[in-house]
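In our numbering, the protein residues as written are 57 to 188. Positions of the beta carbon are idealized from the N, C-alpha and C atoms, including for glycine.
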Ligand code: C2G
C-alpha cells in the first residue's frame, strides 16, 4: 500500500487542481491532501482565500481520487505531517521545484508539471476585469 501526500490551498477550485490530484493519486494507492488553512494563507500571501477553509476542504473531500483530507496549519510541519500520515511519496507542482528536497530522507519527493494557462490568480483577475 503506497501512500501519497500533497498540499495546497485549492482556492477557487479549477481543472489544474483536479489534474494534479489525479496524477498524484496515480503514483500510489491512496491520496492524502493537506489543505492550507486560512491563517496559513494569510501569513504566506497576505490575503485570505476567496473560499473558506471549510469549503475548500469539503470540495477536496468530495473527489473520488482523494482518500483523506486535513488542514495544513504551518509550512514548518510538513515533515510531521509526512510522518503522521505515513506517506511514502510527497507530490507537489513544479512551481515548488527543489523546495522540498530536504524530505527525501523521509519519503520519495515528486514534482509534477503544472497545468498551463490556468490559475486562481488569473481567474480572479478575469472576474475583476469584467466587473462594471
Ligand atoms: N497547480 C497545478 N496547475 C495549475 C495550478 C496549480 O498543477 N495550473 C498545482 C500547484 O502546483 C499545487 C496545487 O495545484 O501543487 C495547489 O496549488 P495552490 O492552491 O496554488 O497551492 P499553494 O498555495 O501553492 O499551496 O504547503 C504548500 C502549500 O500549501 C501549497
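query: Looking at C-beta atoms only, is the number of pairs between the segment 172-180 and the segment 61-72 that lie closer than 8 Å three or more?
result: Because the criterion of three Cβ pairs below 8 Å is met, the segment 172-180 and the segment 61-72 touch.
Run the proximity test for residue 104: is its beta-carbon closer than 7 Å to any non-hydrogen atom belonging to the ligand C2G?
As a first step, residue 104 is located in the chain shown; it is residue number 48 there, counting from the start. Not so, every heavy atom of the ligand C2G lies at least 7 Å from the Cβ.
message: Would you call the segment 143-155 in contact with the segment 110-124, where contact means no fewer than 3 C-beta pairs closer than 8 Å?
response: Three or more beta-carbon pairs separated by less than 8 Å are not found between the segment 143-155 and the segment 110-124, which leaves the two stretches without contact.
task: Measure the CB-CB distance between residue 182 and residue 60 and report whether it falls below 8 Å.
output: Position 126 of the chain shown, counting from 1, holds the residue named residue 182. Position 4 of the chain shown, counting from 1, holds the residue named residue 60. Result no, Cβ atoms of residue 182 and residue 60 do not sit closer than 8 Å.
**Request:** Taking 8 Å as the threshold, find out whether the segment 103-117 comes into contact with the segment 132-146 through three or more Cβ pairs.
**Result:** Because the criterion of three Cβ pairs below 8 Å is not met, the segment 103-117 and the segment 132-146 do not touch.
Rounding to the nearest angstrom, what Cα-Cα distance links residue 167 and residue 161 in this structure?
Along the chain shown, one-based indexing puts residue 167 at 111. Along the chain shown, one-based indexing puts residue 161 at 105. When only Cα atoms are considered, residue 167 and residue 161 end up about 16 Å apart.
Discussion item. Report the start-end ranges of each alpha helix (DSSP H) in the segment 77-124 that is 4 residues or longer and not cut off at the edges.
Written reply: You should have 94-101, 109-117.
Q: Measure the CB-CB distance between residue 134 and residue 159 and report whether it falls below 8 Å.
A: If you number the chain shown from 1, residue 134 lands on position 78. If you number the chain shown from 1, residue 159 lands on position 103. In this structure, residue 134 places its C-beta atom within 8 Å of the C-beta atom of residue 159.
Beta-carbon contacts of residue 129 that lie in its chain and below 8 Å, excluding the five residues immediately before and after: Residue numbering aside, residue 129 sits at position 73 when the chain shown is read from its first letter. Short of 8 Å from the beta carbon of residue 129, and not among the five residues preceding or following it, lie these beta carbons of its own chain, in chain order: 93, 95, 96.
### Task
Using alpha carbons as the reference points, say which of 85, 57, 186, 117 lies closest to residue 74.
One-based indexing of the chain shown puts residue 74 at position 18. Proximity to residue 74 across 85, 57, 186, 117 peaks at 117, based on C-alpha coordinates.
| said: Since residue 83 and residue 147 should fall inside the 8 Å C-beta cutoff, what is the C-beta to C-beta distance between them, to a whole number of angstroms? | reply: On the chain shown, residue 83 is found 27 positions in, with the first residue counted as 1. On the chain shown, residue 147 is found 91 positions in, with the first residue counted as 1. The Cβ separation is near 6 Å, so the contact holds.
For residue 174, three-class secondary structure by DSSP
The residue labelled residue 174 in the question sits at position 118 within the chain shown. Correct three-state label for residue 174: coil.
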